[in-house]
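Protein chains in written order, with the numbering used here: chain A, 2 to 428; chain B, 2 to 428. Every residue, glycine too, gets a C-beta built ideally from N, C-alpha and C. As the structure is a prediction and not an experimental result, all values here were calculated from the model. Below is one structure, written out as structure tokens; comments come after it.
There are 2 protein chains.
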Amino acid sequence: MPNFPKPTPERVPSRGRRRLLGRLAAGGFVASQAAGAAASELLKPLEIAPGSRVPGAPVLDHPYGLPSPHEAQVVRRAARVWPLPGAASSLTPLADLYGTLTPNGLVYERHHNGVPDIDPAQHRLAIHGLVRTPKVFTMDDLVRLPSESRIHFLECSGNTGSEWNGPSGLPVQLTHGLLSCCEWTGVRLSTLLEEVGGLSSAPGAPRGWMLAEGADAAAMTRSLPLDRILDRALVVYAQNGERLRPENGYPLRLIVPGFEGNTNVKWLRRLKVVDAPLETREETSKYTSLLGNGCARQFVFEMDAKSVITRPSPGHRLTTHGYYPITGLAWSGRGTIRKVEVSTDGGATWRDARLDGTVRDRALTAFQADWYWDGGTAAILSRATDSTGYLQPTRAELVAARGLNSQYHYNAIQSWRVEASGEVLNA
Amino acid sequence: MPNFPKPTPERVPSRGRRRLLGRLAAGGFVASQAAGAAASELLKPLEIAPGSRVPGAPVLDHPYGLPSPHEAQVVRRAARVWPLPGAASSLTPLADLYGTLTPNGLVYERHHNGVPDIDPAQHRLAIHGLVRTPKVFTMDDLVRLPSESRIHFLECSGNTGSEWNGPSGLPVQLTHGLLSCCEWTGVRLSTLLEEVGGLSSAPGAPRGWMLAEGADAAAMTRSLPLDRILDRALVVYAQNGERLRPENGYPLRLIVPGFEGNTNVKWLRRLKVVDAPLETREETSKYTSLLGNGCARQFVFEMDAKSVITRPSPGHRLTTHGYYPITGLAWSGRGTIRKVEVSTDGGATWRDARLDGTVRDRALTAFQADWYWDGGTAAILSRATDSTGYLQPTRAELVAARGLNSQYHYNAIQSWRVEASGEVLNA
């Protein structure tokens, strides 16, 4: 397949590079089942359809609004049937989303014993252990402290685990959808530790660890190294402008930017400063990674740099030849995204994608690259480089380093196959 | 009332400046009706309440999630009863929101003839008039073009019109809630004009105007000066990550960053390039501002710099003396926010607030200032300065310049009165 010449990076490609759009009957990305429903009119005489002639729906029909019924297929989905309904996950529909933020109704879920129903007036956060003046905070106490709002991604460490043994055939929602990005508002962990008088450990001693515990029936519990999180961890009560959603930790959760999802403990009820990790169930029987040599990686917190093409991706169909933007997301738990490269020939050649908008620390970054689909088969891939210089590995590189026993932290380059029919497959 | 010493601007105030919180029984901002429901436990012996002992709700109970039932009061509301249900508005609950983004379910509504029900497969955008090759675009055509995502505020030009004649007594949702901020995704207007071959006006002629028309039954129609919008206008199909909501223009709307809300035409069906404004109904009988001398200001597009304190604000009650953060929003239709100042003595003295997080072009910016409430009455105010150097005016200055006949573009400094009881009033 001839590869389109490498473009000079710029925010919007010139008309010259999109010229085929004007020459060919255009189509676009459509969901496979809807193919043909929206034939282009570019070559017909200009016909301007009339607007509505009947009054529309009144305001306040929905004091809290919902998506159009035409978008009813854009929902969270589970990748499989789980034996216990509360110990399960549902995934964000990345192929149907735009930009970098996830609407609260579509933020992925992963719970260990379901979503507790918590009355915020009764909820408390205790901070105790190796602190000078242990305290219990009400929600009103917390909202009364100085707050901070920041945009960060959340990714479950099990995200994309489906691909360890090769292409799963699943669409991007089910391979990469344990991934969301929100603006979080709350109090800095460092501010809260000041409120309890600071740490009571001996001067000069290491700052130690902190146990975070949820109020759910699983008592989800993780040990976190204070040195690595104090500059950025938040105890948050709001996401994307409003109070947390029940399934995202209402009324309070921990946000540890860049760390694997489960450490961002939901329904947060307790922070205990300790001098060593407590080896809880979730850091021994779960959330460790068994290597090929039989040893396990433990306390692997940061999510390494990763990217994925969300459009076109499996379930989309290319309806005509010509210009398409290749669009996707990149992120790193260790900093910002420095570069995203895209290949349309299975990784033989790469070119820089445009990074769309603001590149934010430990947040999703959208990218785009121009592509002319000539109607042949193609394999489209993306790879991210983060601010530490780390380059997203191939699957072969990842398996060589980690073996095939790991369930977590799969971040290899993802390839989608484009068929001559326009179908896009994970194969 | 003694004023707290001006703090050195920093992102988070030191514990020293919040010291009263640890000494006094704390309370916080509570909705007036809930006062007393959440007494602090700071002075009690540390009691860590148990977490849940019963399994929680399963995932996928709500494939598209909703807020907690405990947040049922956080909804859009109308400021008055409108004679026609589709020619009305509902406002964003700013006093209950956090950070800078508005969840899609709470983005303000203002329609002239209700919300049309549009099938995106049938929707078309025509671009015609003084362009070389007029065209009609399907939604799939548009999604196939290079896209861009940007965070911008939307403000109705009628926002805060309630205060022209002095304090209305209304809470901030009803005085300032025709204001929202989203991440918008779509195609640059300049890209679309390239797709129709560029303008067909004579070389060197002014670039002229563009008529934008909605598909609603009001056929909402505005003329826009191309020179002032081509560098930043977007034709968008998504907000905050997902497709537009029906009441926000589904499936397509215009976003003209910084311009008054009605020019961001919803349900966009037509863009016609013309050589002069068309003097439509919405720019003659409406959306002009009658001055004191009987002349009207017409085509006043940019929303001038403005700010408002959202917490505490009317409806909140301060439950104990001591430290409170004063939190609010600032924005400008002419660029970024350079500075926000806060006064707690009715405007006699001012101090700089901290700007929280990233300051974005033509987007809401959150601010915070520290305050010790000593239990006396107080008048709390904020004023914004934007990147052009423009300072938000007092009401007296605004009335001196514009008189009392204007309905639109009220952006004066807003004062809230704090009573000794802790009640906060718009008086």
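Can you name the residues that DSSP bridges to residue i?
i: B:K340; result: B:T386
i: A:P315; result: A:H317
i: A:W185; result: A:R151, A:Q240
i: A:F302; result: Paired residues: none, contrary to the question.
i: A:Y325; result: A:W372
i: B:V55; result: BP columns for B:V55 are empty, so no partner.
i: A:D353; result: A:E342
i: B:W332; result: B:K307
i: B:L279; result: Answer is none; B:L279 lacks a bridge partner.
i: A:G366; result: It is worth fixing the name first, because residue 366 of chain A is Thr in this sequence and not Gly. Bridge partners of A:T366: A:A331.
i: A:V274; result: A:G130, A:M211
i: B:V116; result: A:A58
Whose Cβ in chain B lies nearer than 8 Å to the Cβ of residue i?
i: A:R246; result: G66, L67, P68, S69
i: A:D120; result: H71
i: A:S388; result: Under the 8 Å cutoff, chain B gives no residues; its nearest Cβ is about 17 Å from A:S388.
i: A:D357; result: S148, E149, S150
i: A:R271; result: I49
i: A:P325; result: Here the sequence assigns Tyr to residue 325 of chain A, which means Pro is not the residue at that position. In chain order: R145.
Beta-carbon separation of residue i and residue j under 8 Å?
i: A:N241; j: A:R254; result: no
i: B:D217; j: A:H71; result: no
i: A:E243; j: A:R189; result: no
i: A:W268; j: A:P117; result: yes
i: B:R246; j: A:P68; result: yes
i: B:W185; j: B:V237; result: yes
i: B:A390; j: A:P59; result: At residue 390 of chain B the sequence reads Gly, which differs from the Ala that was named. Cβ distance not < 8 Å, so B:G390 and A:P59 don't count as in contact.
i: A:D387; j: A:Y324; result: no
i: A:Q408; j: A:G162; result: yes
i: B:G52; j: A:N105; result: no
i: A:G293; j: A:G404; result: yes
i: B:Y411; j: B:L399; result: yes
i: B:D353; j: B:E342; result: yes
i: A:A219; j: A:H113; result: yes
i: B:L225; j: B:A206; result: no
Along chain B, which residues have their Cβ under 7 Å away from the Cβ of residue i?
i: A:V55; result: A218
i: A:P117; result: S53, G57
i: A:Y391; result: What A:Y391 touches in chain B: nothing, since even the nearest Cβ is about 24 Å away.
i: A:S90; result: V60
i: A:V76; result: P64, Y65
Residues of chain A with a CB under 8 Å from the CB of residue i: which are they?
i: B:Q369; result: P147, S148
i: B:G215; result: G52
i: B:A79; result: V60, L61
i: B:T186; result: Y99, G100
i: B:H129; result: L47, I49
i: B:L107; result: Y65, G66, G242, E243
Name the chain A residues that come within less than 9 Å of residue i, Cβ to Cβ?
i: B:S202; result: Near B:S202 there are no residues of chain A at all, since even the closest Cβ is about 18 Å away, more than 9 Å.
i: B:P86; result: P56, A58, P59, V60, L61, D62
i: B:T337; result: Near B:T337 there are no residues of chain A at all, since even the closest Cβ is about 13 Å away, more than 9 Å.
i: B:A1; result: As shown, chain B starts at 2 and ends at 428. That puts residue 1 of chain B outside it, with no answer to give.
Assuming residue i and residue j are in contact, meaning their beta carbons sit under 8 Å apart, how far apart are those beta carbons, in whole angstroms?
i: A:A331; j: A:A413; result: That belief does not hold up - the Cβ atoms of A:A331 and A:A413 are roughly 14 Å apart, past 8 Å.
i: B:R418; j: B:T378; result: 7 Å
i: B:S308; j: B:S383; result: 4 Å
i: B:T93; j: B:V82; result: 19 Å between Cβ atoms; not a contact.
i: B:N427; j: B:T176; result: 7 Å
i: B:G115; j: A:G262; result: Not confirmed; about 42 Å, so no contact.
i: A:L95; j: A:T311; result: 5 Å
i: B:E196; j: B:E110; result: With 8 Å as the limit, B:E196 and B:E110 do not qualify as a contact, their Cβ atoms being about 31 Å apart.
i: B:T366; j: B:T101; result: 7 Å
i: B:A50; j: A:R223; result: With a Cβ gap of about 20 Å, B:A50 and A:R223 do not count as contacting.
i: A:G423; j: A:L319; result: 4 Å
Can you pull the chain A neighbours of residue i, defined as C-beta to C-beta under 7 Å?
i: B:G242; result: L98, Y99, G100, L102, T103, P104
i: B:N114; result: P56, G57
So residue i contacts chain D; which residues on that side make the cut at Cβ distance below 7 Å?
i: A:E110; result: Among the protein chains of the structure shown, namely A and B, there is no chain D.
Inset, instruction - Answer yes if the region 270-281 of chain B comes into contact with the region 358-365 of chain B, meaning at least three C-beta pairs across the two stretches below 8 Å, and no otherwise. - result: The region 358-365 of chain B, when compared against the region 270-281 of chain B, does not touch it at the 8 Å Cβ threshold.
Legend entry - Inter-stretch contact at 8 Å, needing at least 3 Cβ pairs: the region 340-349 of chain A / the region 132-141 of chain A: The region 340-349 of chain A, when compared against the region 132-141 of chain A, does not touch it at the 8 Å Cβ threshold.
Legend entry - Stretch-stretch touch, CB-based, cutoff 8 Å, three pairs: the region 148-166 of chain A with the region 174-185 of chain A: The way I'd put it, the region 148-166 of chain A does touch the region 174-185 of chain A; three or more beta-carbon pairs between them come closer than 8 Å.
Legend entry - Cβ contact check for the region 80-100 of chain A and the region 165-178 of chain B: 3 or more pairs under 8 Å: Put simply, the region 80-100 of chain A does not touch the region 165-178 of chain B. Fewer than three CB pairs are less than 8 Å apart.
Inset, instruction - Say whether the region 288-302 of chain B touches the region 315-324 of chain B, bearing in mind that this needs 3 or more beta-carbon pairs closer than 8 Å, one atom from each stretch. - result: In short, these stretches do not touch, since the Cβ pair count stays below three.
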